[in-house]
Structure formats: structure tokens, C-alpha cells
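Participant: Structure provided below as C-alpha cells; questions to follow.
Chains as they are written, first to last, in this note's numbering: chain A, 4 to 381; chain B, 105 to 377.
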């Protein structure tokens, strides 16, 4: 059945996953849970960020698309619906992918190395990256994927039972389930579990500022440093993402950045150099930047995987630009996965893929030269 | 609507659209007995503004009379639920025809056409060899008009992604995908009751009795007609044009440029019976 196939594919891409204990409560089979006009069979909660307009329309104030949505229609994310002039989220507590992952998989390399992150996602996304690796959940509507009924407290209880010290809103796009992210963060903090988010950063300022203080860390995909790329490959815009990064820096939540390098589209040395210079100049040299390897998928299947040489060139450019922590991703075993002390050059955390081989950090500092290494270490 | 009235209207519309003496002759010209005919309805607005059952069944009867086995006539919408809400009975196998929601049975991989990349309903991509769009005549908050062409948004998994810029060129990109372009034989519009404002949802104060059923082998011309009717009603009510209201109907010009049909009012041949 299509639903099961879609869910299983998502499970299959999750990498190092441990079985969830006990099994989570699944919703009834999704067949005929309807669509736009019939979405009333989905559990719905009034959205937190929108305004009402004339004639029953609403304007979403969650992401920069600012969708104006007529009655019985949904925003571009596909998970928010106008019902008679009130805007609802259809995905609060409706997780369609749930796994326990190593935190390195997000990737966070400066957040509790080697710890488990209880990771979750709902359906939907506010952009449409042609290279999306999780398109089978991000590009679908909630009624089109199988899902778990997973309210925040249940999720956090499950995280604790599974030995996770962190939660991670990830896989799809947490911006579209931002109320759920917020409520999970509140529950996680109360339970002594650190909430994290993996996002495209395409969000308006108000919802971002309201939720950021609840988070321990956020990873943002900076998909390119050209607005043209954002418009053509992502159906988004660059500037709002840069604004998000500036706000995160200002608020002081731990930030890591991922740049997926795609051959011919965003991997030119000039663009990488500009990107690194902007990060160093605007966010500071201590923000980790991960250059990761593209693999053909979804609508971008006519390009080859990123050559390792391109990644290594970006790695070098980043360090030349003054960034202290530049990493390479999707190249297991490459030295670019290791955390190196910017002071003495010693290897502090040796990694292979998502595994920690050795962690020499001493209370967040280099054991050799005692230089403090920024991050969330305890 | 009385079934006999529906049959007369559908018969006349089909005959006029193909230029035959009868609707049955038109159906015979459009469909072969080897076809599996998919009739896509637009039931988003519920029973008050969806294709009425009597008209759909009149069309089914004509297609069947043309030699298509009734088990190979599939009336469909996005979900069983929407069909039920519009007054249809779900019939997995028939008789007297199949009536089902696609219910998320999509192709496993997306297929691109212009700006869109979507998984198409397998009914459209695989099962059916001939397609009919059977929509309504209504205003749409973003595209201006929702009639026969936008109805195909209901055959893809991600329509919510394609509402920017008045749905232009996305409506056209969906309609010109080979799954649809190569199979589309007919567009029929239930204009017995139409809506000139507040769509796509049903808005009682904005509906009006147009009292017409339109059919065309040209999907662009059918939507052009719907647009004209909506504008005419808006003018009668002293309302601004769709363009002045901020939702110009851009997609029709794009459709014409793409070779899908005729969007020039001067070239629209209106046959009324």
C-alpha cells in the first residue's frame, strides 16, 4: 500500500537508528482522511501565527511566503488550512517520522557528541528544493503519509525511555510545524532534555524569536549564497534565511550551518568564498560550517554526486576565510569530519560518519593547549 | 435536476462540441471501446458547488453508449470523502460505473513538466487511456477562475506548491504534462449554478443560476467561456473585474502560448443549443 511504502522509505533513510521502545501509537490507516476540503478529519489546532483578512481569508505569518489563503484552502506548506476564516495547523502532534539518531546525523558536531537525539518530523514543507532528500514526507500533505499520534509530553517520555538527551525536530521542515516544535521544546526543557531544531531558516521574525529561547541548538541549511539559486532550485529567497541567521546569532542559541554543495549550481569557489566571508564577518569565526555532499535525488537527478575534490576545495576556502570549524559531510572517514583545535591543530574529536571514535575534549577545551572550544558540551 | 433534463443538456453539449448530430455520436468520435475513461470531478466546494450527479451520469451513459464497458468508466476525485460530500456513491467496481477517490494512490516518483514536479495519481498516469475534466464554473481566490483546467490540480500530490503568481504557469504545466495532454478528450463544465466571487469554497451569496452546461474538446476555450460568464455576472452585480480585484486570469494566455487551445475571445466559437 502506498502509505506503508512511503513510511518505510522514510524509515530506511534514517541511518543509524535504534528501535523505539515501546512502539509508538499509530493513527488509524490514513485512507480517506481527506484533503483540503476534507481535512476536518485530521486533528487540527488553531495556528499561532496568522491574521484574519476580509471575506474569510487569512494571511499566514509564519514564513516569508505570507500565504494569503481563502476558505477551504491551504498554504504552500500543505499543512495549514483555512476553515471558515480561522487558520489551523493540521500537523501538531502528528509525527510521520520518528527515530533515535546520533546527534552527529543532524549534523551537530558541537552539541553533546555521541548522544542520542529523539528525532521527529511531520509532513509538509514551506519550500520545494529540487534536491530534497526527504521529499517523500516534506513534499506531501499530512493525509498522504502515515503518522503517529505523538503529543509533546508523550514524545518527551519516549525520548527519555530511549535514552535520548536531546530532541531534534528534523527530516522535513520544522518551520511548518512550529507550534509543535515550541510545545515539544517546553516539555523537553521541563524534563531536562535539550530540544534542537534542523531547519531551512525560512521563517518570519516573530515566530522565530518566540521559539528560539526555548532551544538548545539550531542547525540551518544555507542552501546557497545566491538568491537566483533560492528562487530556481528552492522556491524560496536567500535574504530571509540570512536574517534568520543574524537573529540566531543575536539571541545566542548555538548555531551550526550546513551547505549542501551541488555540482555546477552552488559550488563555485567565488560563491563559497563569499558565503564563508559572510559567515565569518556576520556570525563570527566559531560557527561551524558543514559542507556536505550532494547525491542525485527527487527532481535533481541529472547531476552527479559532488566530487570530493569540490568539497575539499570548500573546506580549504572556509579555513582561509578564517572559520575555525569547517567540516565535510557525507564522506565517511574523511579527515574533514574531525573537530580540530583552532589553537594548536590537534584532533579533538575523531569521527567516522556519525560515529565518535575518540573524544579528547576536556570540559569543552583542548586538552593540549586548553583553548575553549565553543559548543554545547554538557 | 431531473435526469432527463441532465441527459438532454449533456447530449446537446457533447454534440455541439464535436459537431455531430447527437451526443452519442460525439462520444463515439471521442472514445473507443478499448478506452478506459477517467472523468475527473471537482468536488472541493461540497454538494452545492460540485458537478451534479445527474450530469455526471448522463455523461457516463453517453460514453457507455459509445461502446465503452461501464466497468472501464471511472468517475474520480481526490478522495472518497469529497465524492460522498458531493452526493456520489463510492463504487469500487461499479455498476453502473466506477466511482472512486484516488486516495493518495500516486506514482512513486515525481514527474516534471515545466515548473512543476509532481507525483500524478495513478488513475491518470497509468489506468486511464482517455480523460475528461468535469468541473464547475467558479471564481478562484488566486487563479481568478477555477473551471476545467485547474481541476487537474486534483490529480497531483502537491497542488499547494503551485498557487504563486495566480497559478501561472503551473495550471498550464500540469495540463500540458503528457499524462493529461495526450489523454484529454473533453472538458465539460457544470454551469447550472456558478459562482462569481469567494471561490474556491462555496459562497451562497456569490452563486448564481447560469443554467448552462458547456463542453469543448479545447480545454482553454472551455475555461475562457467560464471566465466570460463569471465576468459578466460580476459586471451585472457592479463588481470589479477579476483583474481589478487583484486576481487576473493569467493562465489562459499561457495555455494558448503553450498550444493547449484557444484563448482569443474573437476566435471562440460558441454553439448554443
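Where a beta carbon is used, it is the ideal one built from N, C-alpha and C, also for glycine.
1. If you drop the 5 nearest sequence neighbours on each side, which residues of the same chain put their C-beta closer than 7 Å to that of residue 334/A?
2. For a quick check, are the C-beta atoms of residue 136/B and residue 321/B less than 8 Å apart?
3. Under the rule that 16 or more other beta-carbon atoms within 10 Å means buried, what is residue 55/A, buried or exposed?
4. Cβ of residue 344/B less than 8 Å from any chain A Cβ?
5. Looking at residue 306/B and residue 150/B, is the spacing between their C-beta atoms short of 8 Å?
6. Using only CA atoms, which one of 106/A, 324/A, 170/A, 48/A lies nearest to residue 89/A?
7. Strictly below 7 Å CB to CB, what residues from chain B border residue 131/A?
8. Alpha carbons only, please: which of 141/A, 176/A, 98/A, 308/A is nearest the one belonging to residue 266/A?
9. Which residues, in order along the region 299-314 of chain A, keep a beta-carbon less than 8 Å from a beta-carbon of chain B?
10. Is there a Cβ from chain A that is less than 8 Å from the Cβ of residue 327/B?
11. Can you give, in chain order, each stretch of the beta strand (DSSP E) that sits fully within the region 91-169 of chain A and has at least 3 residues?
12. How close, in whole Å, do the beta carbons of residue 214/B and residue 221/B come, if the pair is a contact with beta carbons under 8 Å?
13. Within the continuous beta strand (DSSP E) that includes residue 295/A, where are the two ends?
14. With DSSP collapsed to three states, give me the class of residue 366/A.
15. Mind checking which residues open and close the beta strand (DSSP E) that includes residue 54/A?
16. Give me the DSSP bridge partner(s) of residue 180/B.
17. Against chain A, which members of the region 281-311 of chain B pass a CB distance test of less than 9 Å?
18. How about residue 263/B and residue 291/B: are their beta carbons less than 8 Å apart?
19. Residue 233/A to residue 239/A, Cα distance in whole Å?
20. Sorted by chain position, which residues of the same chain lie with C-beta nearer than 7 Å to residue 261/B's C-beta, five sequence neighbours on each side aside?
21. Just to confirm, are residue 190/B and residue 114/B a CB contact at a threshold of 8 Å?
22. With a 10 Å radius around its C-beta and 16 neighbouring C-beta atoms as the bar for buried, classify residue 152/B as buried or exposed.
23. Consider the C-beta atom of residue 259/A and the heavy atoms of the ligand FMN; say whether any pair is separated by less than 7 Å.
24. Check the Cβ-Cβ distances between residue 262/B and every residue of chain A, and say whether any is below 8 Å.
25. Return the CA-CA distance between residue 106/B and residue 112/B, expressed in angstroms with no decimal places.
26. In chain order, what residues of the same chain lie with their CB nearer than 7 Å to the CB of residue 124/B, ignoring the 5 residues before and after it?
27. Under the rule that 16 or more other beta-carbon atoms within 10 Å means buried, what is residue 128/B, buried or exposed?
28. Within 10 Å of its beta-carbon, does residue 248/B have 16 or more other beta-carbons around it, so buried, or fewer, so exposed?
29. Alpha helix (DSSP H) containing residue 63/A: first to last residue?
30. Show which residues of chain B have a CB atom less than 9 Å away from the CB atom of residue 79/A.
31. Between residue 76/A and chain B, is the shortest Cβ-Cβ distance under 8 Å, so that the two count as touching?
32. With 16 as the cutoff for other CB atoms within 10 Å, does residue 138/B come out buried or exposed?
33. Please state the DSSP three-state secondary structure of residue 379/B.
34. Less than 6 Å between C-beta atoms, sequence neighbours within five positions excluded: which residues of the same chain meet that for residue 186/B?
35. Taking the runs of the alpha helix (DSSP H) that are 4 residues or longer, which of them lie wholly in the region 333-364 of chain B?
36. Should residue 58/A be flagged as near chain B, meaning a C-beta pair shorter than 8 Å?
Facilitator: Let's see:
1. Once the five neighbours on either side are set aside, the close Cβ partners of residue 334/A are 296, 311, 314.
2. No. Outside cutoff.
3. Classification for residue 55/A: exposed.
4. Not closer than 8 Å to any Cβ of chain A, the Cβ of residue 344/B fails to qualify, so no.
5. In contact: residue 150/B and residue 306/B (Cβ atoms closer than 8 Å).
6. Taking only the C-alpha atoms, the option nearest residue 89/A is 48/A.
7. In chain order: 265.
8. Residue 308/A is the option with its Cα nearest to residue 266/A.
9. Listed in sequence order: 301, 302.
10. Interface with chain A (8 Å Cβ-Cβ cutoff): residue 327/B is excluded.
11. Within the region 91-169 of chain A, the complete beta strand (DSSP E) runs of at least 3 residues are 100-105, 119-124.
12. Going by Cβ atoms, the distance from residue 214/B to residue 221/B rounds to 5 Å, so yes, they are a contact pair.
13. Per DSSP, residue 295/A belongs to the beta strand (DSSP E) from 292-296.
14. Per DSSP, reduced to three states, the secondary structure at residue 366/A is coil, with no helix or strand assignment.
15. Taken as a continuous stretch (DSSP letters only), the beta strand (DSSP E) holding residue 54/A covers 53-55.
16. For residue 180/B, DSSP records a beta bridge to 144/B, 204/B.
17. Of all residues in the region 281-311 of chain B, only 301, 302, 303, 304, 305, 306, 307 come within less than 9 Å of chain A when Cβ atoms are compared, listed by chain position.
18. No, Cβ-Cβ distance for residue 263/B and residue 291/B is not below 8 Å.
19. Within the model, the alpha-carbon separation for residue 233/A versus residue 239/A is close to 5 Å.
20. Same-chain partners within the cutoff: 210, 222, 223.
21. Their beta carbons are not under 8 Å apart, which means residue 190/B does not touch residue 114/B by this criterion.
22. With fewer than 16 other CB atoms across the displayed protein chains lying within 10 angstroms of its CB, residue 152/B is exposed.
23. This structure simply doesn't include the ligand FMN, nor any ligand for that matter.
24. It does: the Cβ of residue 262/B has a partner Cβ on chain A nearer than 8 Å.
25. If I take the Cα positions, the gap works out to 10 Å.
26. Answer for residue 124/B: 130, 133, listed in chain order.
27. Burial call: buried.
28. It is buried - the Cβ of residue 248/B has at least 16 other Cβ atoms within 10 Å.
29. In this chain, residue 63/A is not harboured by any alpha helix (DSSP H); it is covered by the beta strand (DSSP E) spanning 61-63.
30. Neighbours of residue 79/A on chain B, chain order: 264, 265, 266, 267, 268.
31. Contact with chain B is found for residue 76/A, since one of that chain's Cβ atoms lies less than 8 Å from the residue's Cβ.
32. Exposed.
33. Only positions 105 to 377 of chain B appear in this structure, which leaves residue 379/B out of reach.
34. So the list reads 147, once near-sequence residues are dropped.
35. Within the region 333-364 of chain B, the complete alpha helix (DSSP H) runs of at least 4 residues are 355-361.
36. Cβ-Cβ to chain B under 8 Å: yes for residue 58/A.
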